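Residue numbers (our numbering): 2 to 303. Encoded as structure tokens, the structure appears first; notes follow it.
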Ligand SMILES: Nc1ncnc2c1ncn2[C@@H]1O[C@H](COP(=O)(O)OP(=O)(O)OP(=O)(O)O)[C@@H](O)[C@H]1O
Ligand SMILES: [Mg+2]
């Protein structure tokens, strides 16, 4: 199975040099690095959050930086997008700490926060260059329902995330479509938020809901939280409406919107169903080129 997948690997021709694989070990974090943490969020469903988190993380990995894709959505699409299973979390938990076996997998995440090793034992090295994944897990849906986590867990989460930052150059968190507990948890521990905006009719309305939430966080608990950018997604040049939306967003948010626009490209949907980032599925597709351009734009901002 693994062999079959590896043979599908295709290096993007623009990345001319294959970077060396670095292995994650708890005792050898990247020297002096504080990983940048970006949350991909929008309360709107199906706007390209997961596609962006997966392909940007893979692009950053291919460009030679160490990337962690952290899946905070119980739908586990980012997890399957890199060919992993959400059940891996439970089995990793069971392997790492036998007491999880006794209590059942539902408390694994909260218990992991209590452990000294924190989230590190749950991180998987994917088969893709410089890309690691923290798989989604079942109990996230319970946390989502609760709406907000107890503050003691939030503080522990932040503590363990600080530890992870020392191991990665970039951490990308994929969120469920909501403005509830999980995105708030992610935003409370991120440097910046990236907001995918689908080029369709309700784009502006969607932004008018999420931007005040971010402003609120900036005014209260997270003064340092930045908007990394608004990313226009699923652009179809033949649609007049899509062009109007692009024009409007660029006019109202000239300094916030990324130059890169992600086109509608069926290869992106197909690559997700194969559990492969686009660079390893169809490296010459329009989707691959656009995520390559986004990777460069994001890295260029650092
Ligand atoms: N640029 C694109 N062109 C074509 N299809 C795309 C594109 N981006 C995403 N898709 C497809 O559209 C669907 C929704 O995308 P995605 O899962 O990334 O959105 P999402 O915002 O994460 O959704 P959710 O809110 O449910 O988590 C998926 O089937 C995905 O493969
Ligand atoms: Mg998603």
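Where is the CB? At the ideal position from N, CA and C, for every residue including glycine. Quick caveat, the model's predicted, so the values are computed rather than measured.
Give a single yes or no on whether residue i has its beta carbon closer than 7 Å to a heavy atom of ligand 1.
i, result
"residue 178", "yes"
"residue 47", "yes"
"residue 211", "no"
"residue 269", "yes"
"residue 174", "no"
"residue 223", "no"
"residue 235", "yes"
"residue 183", "no"
"residue 230", "no"
"residue 264", "yes"
"residue 207", "no"
"residue 76", "yes"
"residue 84", "no"
"residue 276", "no"
"residue 60", "no"
"residue 243", "no"
Helix, strand or coil: which one does DSSP assign to residue i?
i, result
"residue 52", "helix"
"residue 281", "helix"
"residue 221", "coil"
"residue 243", "helix"
"residue 260", "strand"
"residue 126", "strand"
"residue 251", "helix"
"residue 197", "strand"
"residue 68", "strand"
"residue 287", "helix"
"residue 106", "Confidence is the limiting factor: at residue 106 the pLDDT is only 46, short of 50, which leaves the residue's position unreliable, though a coordinate-based value still follows. Looking at residue 106 - three-state DSSP - the assignment turns out to be helix."
"residue 63", "helix"
"residue 113", "helix"
"residue 99", "Residue placement at residue 99 cannot be trusted, given a pLDDT of 41 that sits under 50; the coordinates are not used to answer."
"residue 47", "coil"
"residue 134", "strand"
"residue 169", "coil"
"residue 37", "strand"
"residue 230", "strand"
"residue 236", "strand"
Throw me the rounded Cβ distance for the residue i and residue j pair, which I believe falls under 8 Å.
i, j, result
"residue 52", "residue 273", "7 Å"
"residue 231", "residue 257", "5 Å"
"residue 279", "residue 292", "6 Å"
So, is residue i buried or exposed, given that buried needs 16 or more other C-beta atoms within 10 angstroms?
i, result
"residue 221", "exposed"
"residue 210", "exposed"
"residue 217", "exposed"
"residue 238", "exposed"
"residue 99", "Note that residue 99 has pLDDT 41, beneath the 50 cutoff, so the model's placement of it is unreliable and no number is given."
"residue 289", "buried"
"residue 159", "exposed"
"residue 19", "Here residue 19 scores only 42 on pLDDT, less than 50, and its place in the model is too uncertain to base an answer on."
"residue 202", "exposed"
"residue 225", "exposed"
"residue 85", "buried"
"residue 83", "buried"
"residue 134", "buried"
"residue 1", "Only positions 2 to 303 of the chain appear in the structure, and residue 1 is not among them; the question remains open."
"residue 71", "buried"
"residue 236", "buried"
Could you please go through the chain and list the residues whose beta-carbon is closer than 5 Å to any non-hydrogen atom of ligand 3?
With respect to ligand 3, the structure shown offers nothing to examine, as its ligands consist of ligand 1 and ligand 2.
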